[in-house]
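**Q** Here you go, one structure.
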Amino acid sequence: MMLLPCPYCGPRDVTEFTYGGDGDMARPSDPQAASDAQWASYVYIRDNPRGPHDELWQHSAGCRRWIRVRRDTLTHEVLLTAPAGRPVQP
Amino acid sequence: MSTQRHRLADGGLIDRSRPYSFTFNGRALQGYAGDTLASALLANGVSVVGRSFKYHRRRGVFGAGSEEPNALVQLETGARTEPNMRATQVELYDRLTAASQNCWPSVEFDVNALTDVFSRFLPAGFYYKTFMWPRSWWMRYEQYIRDAGGMGISPRTPDPDHYAHRHAHCDVLVAGGGPAGLSAALAAARAGARVILATEDFAWGGSLLAERAAIDSRPALEWVRNSVAELSAHPDVTLLLRSNVFGYFDHNLFAIAQTVHPRSAHAPRQRLWKVRARQAVLATGAIERPLVFADNDLPGVMLASAARAYLNRYAVKPGERAAVFTNNDSAYATALDLHRAGVAVSAVMDPRAQVTGELPARARAAGIEVLAAHAVVRATGGRRVTGVQVAAMENGAIRGQPRELACDLLCVSGGWSPAVHLFSQSKGRLRYDERIAAFVPDVSVQAERSAGAARGSFALADCLAEGAQAGSAAAEAAGLRRAAVSVPGTTRISEAPLLPLWDIESGATRTAKRFVDLQNDVTARDIALAAREGYYSVEHLKRYTALGMGTDQGKTSNINGLAILAVLIDAQIPEVGTTTFRPPYTPVTLGAIAGSEVGAHFDPVRETPMHGWHAQAGARFMNAGLWRRPMFYARPGESDLDATNREALAVRRGVGIVDVSTLGKIDVQGRDAALFLERVYVNRWRNLAMGKVRYGLMLREDGMIFDDGTTTRFGEQHFFMTTSTATAERAMSTLEYWLQVHWPELDVRLTSVTDQWAAVALAGPESRAVLSALTSAAVSNAALPYMGYCEASVRGIPARIFRISFSGELAYEINVPADYGLALWDALLEAGRPCGITPYGTEAMTVLRIEKGHFTGMEMDGRTTPGDVGLGGLVAADKDCIGKRSLDRPALRAPDRRQLVGLVPHDRSTIIPRGAQLVTDPQRALPNPIIGHVTSTCHSPTLGHPIALALLERGRERYGETLFAMSPLTNSVVGVEATHHVFYDPKGERLRV
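Residue numbers (my numbering), protein chains in the order written: chain V, 1 to 90; chain X, 1 to 993.
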């Protein structure tokens, strides 16, 4: 049972959050100009890394904010969290 | 008390002034406050407590704590019965009732004990080999095996007790109430930490309770009392007795099962604590290992530490004439204590060639015979031990003929294994320590540290020192000040190293049962067989032989088992490794895990403001997510279908009302609100006039329909969106996602107002007449046309009126603040009485929408595009929106996609089965190509025959074609004709009048 540090509320139990998928999927700025392959990659193709992984979570039972979480998928260590909509600083 | 013939006259930590009566297997017995069930049974001379799992051999009390593999009892009867309770952990109370498990008709005469006689036909893996053929018979075998093997019986009636959950936070959690744990808690508390100290025992002191140790030259229990008193005085220290720290989860979350004692009707039976600790100290002690020799499971064979606990803590003599078999110094303390209590000690058998430690020296000084380089090869006796066969050892092997030694108690010690369960659950890495022949914590992963016996430091002085160090370091790591560590003084007893001894076998005992795992009846020969058959991995060995399974999870058998495997496969113990330690440390009742979330509290229930009226009107409810929605309001004598048909026809011919408060409602405001809607819906929104409603369709990014609903423009920057009931929460979350993650530059605010507004759909040709009677606002077709909106006072209630229709009739959807919902409902019923206004439920609503060909969740199953449901034209060409790019993908433009159609049965009478598959030829051999499936089906009272909606390949090209709806579920085939999906009023004239 992870403890996620919400950038707005502080550390909260993971049960307050909803997982929202990969956090590093950039939506093509002009979807119509994107090739089928580019679009398919954005919509469907996901890595399943062993180690650090950028993800999106929503503090759905809290402040309702979407946040970015860099989490080690092997150890569940949370490496950093940041508000969504801003790039993650390494 | 007369029945307690093995009770010592004085001493121990029992309260002789509080005698308790209890029954075991129907026998009335006595014990004292402070007893466990096991100590009370031993005091009463009960040596056979149960029968073993597989061979139904007699078994007695073996341990004195959570490691107990044998003495599992069925506690209490009826609804409060609990199976597999360790008698060694059951705190005695007055009028306790317990019974043996796994024996029939009685523990003394057990029919299934014959399996022991035939046991050479029941080797490891026997079930897998024998009962797999013929395959179909497995179910028959299983019944017998399950009855013959196994454990206690779970209660058959609902649990009358209640349970609670507690969430807690602390700076330092200390698991273990022994010297190391108390010492750690004291150090942390003195540093100002918020401390939770938990022990599974019902008394503080851990191993000190069973020993005669001294601290600061005073009896150790005095130090325990003073420590607990000091801890109790700290306001930020929580002391938990009877509390099993059973799970260590991510990010230092601990689960603790606390048993509330004594039982009370007003208190919960158990509390499940979920503790988030900044730091943890694991002072969980160590578990003594048995030794593996022939018939080492006889009642009267007992861990040396357990015998000591019964003597010193419970003032019970576990035997009259004892023998001790040990490969280390610790069991000599037991020999000395037995001797002091007047139990004759026949001899101490020690495989070590030289026995040099301080405790053995004391034993010799006390006149106890110490047989160095000797081992017990067999325990002898029937109902309990009457003697042991002792043989000399040379270079680690049995040499020479065994001789018989009389005893009725055999205390065994094969060394000590640190209880690394919690450490391992935390993903910490173990290291094999040759010095103690056991695994110890090595590399920590989470914020914890082990102390004392849990990390292999068994001496009291080390436990106290390591505990204090760990408590202090934990407090400092948790952000508190560093406090001076003080450690009380103890005398260190010098110990000689142990001699690892795994499987003791003489030629004569080669085929005898040398038990490794007492609970699962796994013998050294079973392990050898498994190794011969290729089960080299400990995880495979465990599954094949059941070694380390069951309620004790191998607490006493783990090291012995894998050491024996290591010898067999010629590997080192660290290479063999251990099986995975998983929670719970000891069994936890499901009641504690469920807590109060049972019955009506299992899930929250959402009710609309008009719910009470629906219930009073006799509505049958359905669950729609958490909502309870009326399905129909059946009159006396009316069938479900009759009620549905009556309600639907009332809407078509007169007027009806339905509670639609459950629809999702989202208030959208901001400078960019219209732009935002253009991006989330497929159609245009900027050109929507004020006070107008528009239907909108939302996609997922993969092009599939996500949801639909109407959105109304209240103002330049203010919209009101509705969603499906089931999608409401997901829609809100998704819209927030797009705004916050992708479009943070948009000035839009979203507010869920689902609960703030009650909503009623007033539908049917007479609806305008009803509404007019309640409001002075103009609701004529000219003043409030189809897809129009107005605000008005309805019988004095401020209302939002939307001219929209799901039923296909002239209709209004009226929203009022939730608290007025019932008043509005009543007003509509009253005003509609002259026209026979009819409340209708979700079933009639479904009939009406199928007649109109409206798609809902049945059709929007995550695989349908706008084009599939005939709404391809709604997608605006000149703007982007979520999912639009995906619609260009070849698969989504394929001509053979399944499209929404209607179906009518050929015979105009057979209901088209729900979920049926559509084929062109029902006679065709399998696999019969499936070209579509039925999504929604009903009887149409308006048309007088059944209809259905379906998704059909090239459906729009197939109107008029004959197909067959096949349902293997109902074993039916119905001939159908494909039609346009709108069955009723296809031009939509009725809703525009």
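For each residue, glycine too, the CB sits at the ideal point set by N, CA and C.
None of the values given here were measured: they were computed from a predicted structure.
DSSP on X:L626, reduced to helix/strand/coil?
**A** To locate residue 626 of chain X, count along the second sequence from 1; it is residue 626. The DSSP-derived three-state label of X:L626 is coil.
**Q** Using a Cβ-Cβ cutoff of less than 7 Å, which residues in the same chain neighbour X:A726 once the five nearest sequence positions on both sides are dropped?
**A** The sequence position of residue 726 of chain X within the second sequence is 726, counting from 1. Around X:A726: A624, G625, G857.
**Q** If the cut-off is 8 Å on Cβ atoms, which residues from the region 725-749 of chain X count as contacting chain V, listed in chain order?
**A** S733, E736, Y737, Q740, V741, H742, P744
**Q** Which residues bound the beta strand (DSSP E) around X:T97?
**A** Counted from its first residue, the second sequence places residue 97 of chain X at position 97. 96-100 is the extent of the beta strand (DSSP E) around X:T97.
**Q** Interface residues of chain V around X:S886 at Cβ under 8 Å?
**A** Reading the second sequence from its first residue, position 886 is the one you call residue 886 of chain X. Simply W39, V43.
**Q** Report the rounded CA-to-CA distance for X:P19 versus X:Q4, giving the unit in angstroms.
**A** As a working mapping, residue 19 of chain X is identified with position 19 in the second sequence. As a working mapping, residue 4 of chain X is identified with position 4 in the second sequence. In a straight line, the C-alpha of X:P19 is about 11 Å away from that of X:Q4.
**Q** Taking the Cβ atom as the reference point for each residue, do X:G176 and X:G206 lie within a distance shorter than 8 Å?
**A** Locating residue 176 of chain X in the second sequence gives position 176, counting from the first residue. Locating residue 206 of chain X in the second sequence gives position 206, counting from the first residue. Their beta carbons are under 8 Å apart, which means X:G176 touches X:G206 by this criterion.
**Q** According to DSSP, simplified to helix, strand and coil, what is X:R676?
**A** The count along the second sequence starts at 1 and reaches residue 676 of chain X at position 676. According to the sequence provided, residue 676 of chain X is Phe. The question's Arg does not apply to it. Of the three classes helix, strand and coil, the one that applies to X:F676 here is helix, per DSSP.
**Q** When you compare the CB of V:W57 with every CB in chain X, is at least one pair closer than 8 Å?
**A** As a first step, residue 57 of chain V must be located in the first sequence, where it is residue number 57. Contacts with chain X at 8 Å (Cβ-Cβ) do not include V:W57.
**Q** Taking 8 Å as the CB-CB limit, is V:Q89 close to chain X?
**A** Your numbering for residue 89 of chain V matches position 89 in the first sequence. Because the pLDDT of V:Q89 is 45, which lies under 50, any placement of that residue in the model is unreliable, and the question is left without a value.
**Q** By alpha-carbon positions, which one of X:S909, X:G955, X:A213 ends up nearest to X:H981?
**A** Translated into the one-based positions of the second sequence, residue 981 of chain X becomes position 981. With distances taken between CA atoms, X:H981 lies nearest to X:G955 out of X:S909, X:G955, X:A213.
**Q** Among X:A468, X:F293, X:G467, whose alpha-carbon lies nearest the alpha-carbon of X:V388?
**A** Here residue 388 of chain X is taken as the residue at index 388 of the second sequence, counted from 1. Per the Cα distances, X:F293.
**Q** Report the neighbours of V:G10 on chain X: residues whose CB is nearer than 7 Å to its CB, in chain order.
**A** Against the first sequence, residue 10 of chain V aligns to sequence position 10. What V:G10 touches in chain X: nothing, since even the nearest Cβ is about 12 Å away.
**Q** Identify every run of the beta strand (DSSP E) within the region 401-465 of chain X, keeping only runs that are complete inside it and at least 3 residues long; order them along the chain.
**A** 409-413, 416-418, 429-433, 438-443, 448-450
**Q** Could you give the uninterrupted runs of the beta strand (DSSP E) lying entirely in the region 750-795 of chain X, keeping only those of 3 residues or more?
**A** 757-763, 789-794
**Q** Give a yes or no on whether the minimum CB-CB distance between V:H76 and chain X is below 8 Å.
**A** Along the first sequence, read from residue 1 onward, the residue named residue 76 of chain V stands at position 76. Closer than 8 Å to some Cβ of chain X, the Cβ of V:H76 qualifies, so yes.
**Q** Would X:R399 and X:V390 be called neighbours here (beta carbons separated by less than 8 Å)?
**A** The residue labelled residue 399 of chain X in the question sits at position 399 within the second sequence. The residue labelled residue 390 of chain X in the question sits at position 390 within the second sequence. No, these two residues do not count as a Cβ contact at 8 Å.
**Q** Return the residue from the list X:A220, X:H169, X:R958, X:T910 that minimises the CA-CA distance to X:P179.
**A** Here residue 179 of chain X refers to the residue found at position 179 of the second sequence. Looking at the Cα atoms, X:A220 is the closest of the given residues.
**Q** Do X:S596 and X:G821 come within 8 Å of each other at the CB atom, strictly closer than that value?
**A** The sequence position of residue 821 of chain X within the second sequence is 821, counting from 1. The sequence position of residue 596 of chain X within the second sequence is 596, counting from 1. Their beta carbons are not under 8 Å apart, which means X:G821 does not touch X:S596 by this criterion.
**Q** Can you list, in chain order, the residues of the region 240-259 of chain X whose Cβ is nearer than 7 Å to any Cβ on chain V?
**A** So the list reads F249, D250, H251, L253, given in the order they occur along the chain.
**Q** Determine the extent of the alpha helix (DSSP H) in which X:Y737 is found, giving its start and end residues.
**A** Position 737 of the second sequence, counting from 1, holds the residue named residue 737 of chain X. Residues 728-737.
**Q** Count the other C-beta atoms from every protein chain shown that fall within 10 angstroms of the C-beta of X:T77, then say buried if there are 16 or more, exposed otherwise.
**A** Locating residue 77 of chain X in the second sequence gives position 77, counting from the first residue. Under this definition X:T77 is an exposed residue.
**Q** Near V:M25, what residues of its chain come up, given a Cβ to Cβ distance below 7 Å and the 5 sequence neighbours on each side ignored?
**A** Locating residue 25 of chain V in the first sequence gives position 25, counting from the first residue. Same-chain partners within the cutoff: Y42.
**Q** Alpha carbon to alpha carbon, how far is X:T551 from X:P262?
**A** Position 551 of the second sequence, counted from the first residue, corresponds to residue 551 of chain X. Position 262 of the second sequence, counted from the first residue, corresponds to residue 262 of chain X. Rounded to the nearest angstrom, the two C-alpha atoms are 24 Å apart.
**Q** What does X:R889 reach in chain V if we use C-beta pairs closer than 7 Å?
**A** Residue 889 of chain X sits at position 889 when you count from the first residue of the second sequence. Within chain V, the residues near X:R889 are D36.
**Q** Can you give me the C-alpha to C-alpha distance between X:G670 and X:T723, rounded to a whole angstrom?
**A** Position 670 of the second sequence, counted from the first residue, corresponds to residue 670 of chain X. Position 723 of the second sequence, counted from the first residue, corresponds to residue 723 of chain X. Rounded to the nearest angstrom, the two C-alpha atoms are 20 Å apart.
**Q** Only counting runs of 3 or more residues, tell me where the beta strand (DSSP E) segments fall wholly within the region 36-76 of chain X, in order along the chain.
**A** At a cut-off of 3 residues, the continuous stretches assigned as beta strand (DSSP E) that sit fully inside the region 36-76 of chain X are 72-75.
**Q** With distance defined between alpha-carbon atoms, name the residue in X:S909, X:I14, X:F706, X:A366 nearest to X:T864.
**A** The residue you call residue 864 of chain X lines up with position 864 of the second sequence. For X:T864, the nearest C-alpha among the options comes from X:F706.
**Q** Give me the subset of the region 439-453 of chain X whose CB atoms are less than 9 Å from a CB atom of chain V, sorted by chain position.
**A** Closer than 9 Å at the C-beta level to chain V, one finds these residues of the region 439-453 of chain X: V445.
**Q** When we look at the beta-carbon of X:E989 and count the other beta-carbons within 10 Å, is it buried (16 or more) or exposed?
**A** Working through the second sequence from its first residue, we reach residue 989 of chain X at position 989. Burial call: exposed.
**Q** Looking at the secondary structure, which residues open and close the beta strand (DSSP E) in which X:L272 lies?
**A** Residue 272 of chain X sits at position 272 when you count from the first residue of the second sequence. Where X:L272 is concerned, the enclosing beta strand (DSSP E) stretches over 270-282.
**Q** Consider the Cβ of X:E597: report whether some Cβ of chain V lies at a distance smaller than 8 Å.
**A** Here residue 597 of chain X corresponds to residue number 597 of the second sequence, with the count starting at 1. So no, X:E597 is outside the interface.
**Q** Under 8 Å Cβ to Cβ from X:S232, same chain only, skipping five residues before and after it: list those, please.
**A** Here residue 232 of chain X is taken as the residue at index 232 of the second sequence, counted from 1. These residues qualify, in order along the chain: L239.
**Q** Closer than 8 Å is the cut-off here; do at least three beta carbon pairs connect the region 572-580 of chain X with the region 254-273 of chain X?
**A** no
**Q** Classify X:I930 as buried or exposed, calling it buried when 16 or more other Cβ atoms lie within 10 Å of its own Cβ.
**A** Translated into positions along the second sequence, residue 930 of chain X becomes position 930. By the 10 Å Cβ count, X:I930 comes out exposed.
**Q** Determine the contact status of X:L464 and X:A193, defining contact as a CB-CB distance below 8 Å.
**A** Here residue 464 of chain X is taken as the residue at index 464 of the second sequence, counted from 1. Here residue 193 of chain X is taken as the residue at index 193 of the second sequence, counted from 1. No.
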